[in-house]
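J.:
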Amino acid sequence: MNYLNINEEKLLPVVIELNTLLADYHMYYQKLRNFHWNILGNNFFDLHEKFEELYTDARVKVDEIAERILTLRYHPMSNYSEYLKASSIEESTISLADKEMVEEILKAHRLLLKQMSKVVDKANSIGDEGTIDMIGGYIGNLEKTSWMLDAWNKSKTDKLKDATVS
Numbered sequence: 049m050n051y052l053n054i055n056e057e058k059l060l061p062v063v064i065e066l067n068t069l070l071a072d073y074h075m076y077y078q079k080l081r082n083f084h085w086n087i088l089g090n091n092f093f094d095l096h097e098k099f100e101e102l103y104t105d106a107r108v109k110v111d112e113i114a115e116r117i118l119t120l121r122y123h124p125m126s127n128y129s130e131y132l133k134a135s136s137i138e139e140s141t142i143s144l145a146d147k148e149m150v151e152e153i154l155k156a157h158r159l160l161l162k163q164m165s166k167v168v169d170k171a172n173s174i175g176d177e178g179t180i181d182m183i184g185g186y187i188g189n190l191e192k193t194s195w196m197l198d199a200w201n202k203s204k205t206d207k208l209k210d211a212t213v214s
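Here you go:
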């Protein structure tokens with residue numbers, strides 16, 4: 049039974065990109081756990097809490113991505129050895145300073161957003177509205193989180209671009 053109203057023969061490229069995103073999210077999740085456990089310094093309380101908030105959100109997304117792959121009638125990737133091979137997000141050392149940790153998170157966000165765009169492109173090409181809708185929400189959320197982390201990492205003298213209309 050085809051309950052998806054999508055040509056099932058065209059789903060494989062979407063599933064491949066979703067599995068890559070799943071691998072990326074697993075690596076991102078572990079990076080956040082690493083930073084949550086190993087943060088030191090004056091920003092400990094702020095970042096310890098923020099990293100927990102982010103890894104809790106990542107854990108939910110890991111499950112949702114895997115369930116989307118299952119909805120599309122494929123098995124999600126489920127071994128860390130596969131994640132390490134497929135992900136463009138690399139492991140981090142435990143000895144980073146707070147600002148370096150935030151930079152690493154922002155780097156991971158750029159990679160996640162790039163992969164999400166690939167998922168949306170493949171899903172759009174076959175009319176997979178369920179995947180497009182799910183990933184579109186992730187993109188907006190991750191962009192906002194990236195803005196906040198980037199703002200935290202700036203100095204008080206940094207300025208944003210001015211876009212006033214004359």
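Take any residue in the sequence shown, note its place counting from 1, add 48, and you have its number in the numbering used here. All residues carry an ideal CB built from backbone N, CA and C; glycine is no exception.
DSSP three-state call for H123: helix, strand or coil?
T.: The count along the sequence shown starts at 1 and reaches residue 123 at position 75. DSSP places H123 in coil when its eight states are reduced to three.
J.: Roughly how many angstroms separate the alpha carbons of T104 and L208, rounded to a whole number?
T.: To locate residue 104, count along the sequence shown from 1; it is residue 56. To locate residue 208, count along the sequence shown from 1; it is residue 160. If I take the Cα positions, the gap works out to 30 Å.
J.: At which residues does the alpha helix (DSSP H) containing E151 begin and terminate?
T.: Against the sequence shown, residue 151 aligns to sequence position 103. Looking at the DSSP string, the run of the alpha helix (DSSP H) that includes E151 is D146 to I174.
J.: In whole angstroms, give me the CA-to-CA distance for M49 and L60.
T.: Here the question's residue 49 lines up with position 1 in the sequence shown. Here the question's residue 60 lines up with position 12 in the sequence shown. Since pLDDT at M49 reaches only 42, below the 50 mark, its modelled position is unreliable, and the value read off the structure follows with that caveat. Distance between the alpha carbons of M49 and L60: 17 Å.
J.: Would you kindly work out how many angstroms separate the C-alpha atoms of D176 and I117, rounded to a whole number?
T.: Taking the sequence shown and counting its residues from 1, one reaches residue 176 at position 128. Taking the sequence shown and counting its residues from 1, one reaches residue 117 at position 69. Between D176 and I117, the C-alpha separation is close to 12 Å.
J.: Would a C-beta distance cut-off of 8 Å place S135 and M75 closer than the cut-off?
T.: By 1-based counting over the sequence shown, the position of residue 135 is 87. By 1-based counting over the sequence shown, the position of residue 75 is 27. A contact, by the Cβ cut-off of 8 Å.
J.: Looking at the secondary structure, which residues open and close the alpha helix (DSSP H) in which A134 lies?
T.: What you label residue 134 is simply residue 86 of the sequence shown in a count that begins at 1. Note, A134: alpha helix (DSSP H), Y128 to A134.
J.: Helix, strand or coil for Y186 per DSSP?
T.: Along the sequence shown, read from residue 1 onward, the residue named residue 186 stands at position 138. Residue state, collapsed to three classes: helix.
J.: Would you call the CB atoms of M164 and I183 closer than 8 Å?
T.: Residue numbering aside, residue 164 sits at position 116 when the sequence shown is read from its first letter. Residue numbering aside, residue 183 sits at position 135 when the sequence shown is read from its first letter. Yes, the pair counts as a contact, with Cβ atoms nearer than the cut-off.
J.: At the level of alpha carbons, what is the spacing between E139 and L52?
T.: Within the sequence shown, residue 139 is the residue found at index 91, counting from 1. Within the sequence shown, residue 52 is the residue found at index 4, counting from 1. Answer to the nearest angstrom: the Cα atoms are 36 Å apart.
J.: Check for me: the alpha helix (DSSP H) holding N82 runs from which residue to which?
T.: Position 34 of the sequence shown, counted from the start, is the residue given in the question as residue 82. Note, N82: alpha helix (DSSP H), L60 to N86.
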